[in-house]
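Below: one structure, written as structure tokens.
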Amino acid sequence: MTGPTWLFGYGSLIWRQDFPFLDARPAFVTGWERRFWQGSHDHRGVPDDPGRVVTLIRSSGRRCYGRAFLIEPDVFEHLDHREINGYRRYPVDLGLPQAQVPGVMYVADTDNPAFLGDAPIDAMVAQIRRCAGASGTNVEYVLELARALRALDETDPHVEDLAARLGTTPEGH
């Protein structure tokens, strides 16, 4: 990439920007939905007990809302390290307020070694409650994402269901 690029954030990138950006806007991608189906052996869990973090799965006709960040190409070095453990970059068309633009997003494919897939909601809640890693607790991740989506005036039923079962604030777990 040779110039500034739009990056779509749908998980922790929405609420935890540890990278420089030129602009940030509400955004969406079409044909995808957010799911807590990716294992985190590093940030929100450990190798023997991975936490659950979000990835996107293809879903015809659905929209996933988040934030887009306009970043310089050199920021990808940091993001590629941050998004290790199964994520890879995908080109994507982003919906921004009053514009459709090309961009990039990180997705953990179903064939990556850390992919956990679906599970009963009670099993996911139990796993999220007990897991923590270098970046904090898995509960914090879920609740911060729910809070950040609400701040964008967006609702994700999957995130809200987990958040409601876990508590209302990161401190409330």
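Residue 192 in our numbering sits at position 79 of the sequence shown, and the numbers go up by one each step. Glycine included, each C-beta is placed from N, C-alpha and C at the ideal position.
Cα-Cα separation between ALA259 and TYR178, rounded to whole angstroms:
Each residue's CA atom was taken as its position, placing ALA259 and TYR178 some 12 Å apart.
Span separating the alpha-carbon of THR250 from that of ARG157:
When only Cα atoms are considered, THR250 and ARG157 end up about 6 Å apart.
GLU146, DSSP secondary structure in three states
DSSP places GLU146 in the strand class (E or B) of the three-state scheme.
Take TRP128 as the anchor and find which of TRP119, THR118 and PRO139 has the nearest alpha-carbon.
PRO139
Using 9 Å as the threshold, is the C-beta distance between LEU126 and PHE182 below it?
yes
Counting along the chain, where does the alpha helix (DSSP H) carrying LEU279 start and finish?
Segment 270–279, the alpha helix (DSSP H) holding LEU279.
In the segment 192–265, which residue ranges form an unbroken beta strand (DSSP E) of at least 3 residues, counting only runs that do not cross its ends?
200–209 and 212–221
Residues that DSSP places opposite GLY182 in a beta bridge
The sequence given here places Phe at residue 182; Gly does not occur at that position. PHE182 is bridged to LEU120 and ALA137.
Quick one: is THR115 buried, meaning 16 or more other Cβ sit within 10 Å of its Cβ, or exposed?
exposed
Is ARG202 closer than 9 Å to MET218 when the C-beta atoms are compared?
yes
Residue environment, GLN213, which counts as buried when at least 16 other CB atoms sit within 10 Å
Exposed is the call here.
Residues in the same chain with beta-carbon distance under 6 Å from ARG175, minus the five sequence neighbours each way, listed in chain order, please.
Apart from the 5 residues on each side of it in sequence, ARG175 sits with its Cβ closer than 6 Å to the Cβ of GLU146 in its chain, given in chain order.
Give the straight-line distance between the Cα atoms of ARG165 and TYR123, rounded to the nearest whole angstrom.
14 Å
Here's the rule I'm using: 16 or more other beta-carbon atoms within 10 Å means buried, otherwise exposed. How should PRO163 be labelled?
buried
Rounded Cβ spacing between GLY246 and ASP155 (contact assumed at less than 8 Å)
6 Å
Roughly how many angstroms lie between the CA atoms of ASP266 and TRP119, to the nearest whole one?
21 Å
Beta-carbon proximity of ALA221 to TYR200, cut-off 9 Å
yes
Taking the CB atoms as reference points, tell me whether ILE234 and ASP274 lie closer together than 9 Å.
Going by C-beta atoms, ILE234 is nearer than 9 Å to ASP274.
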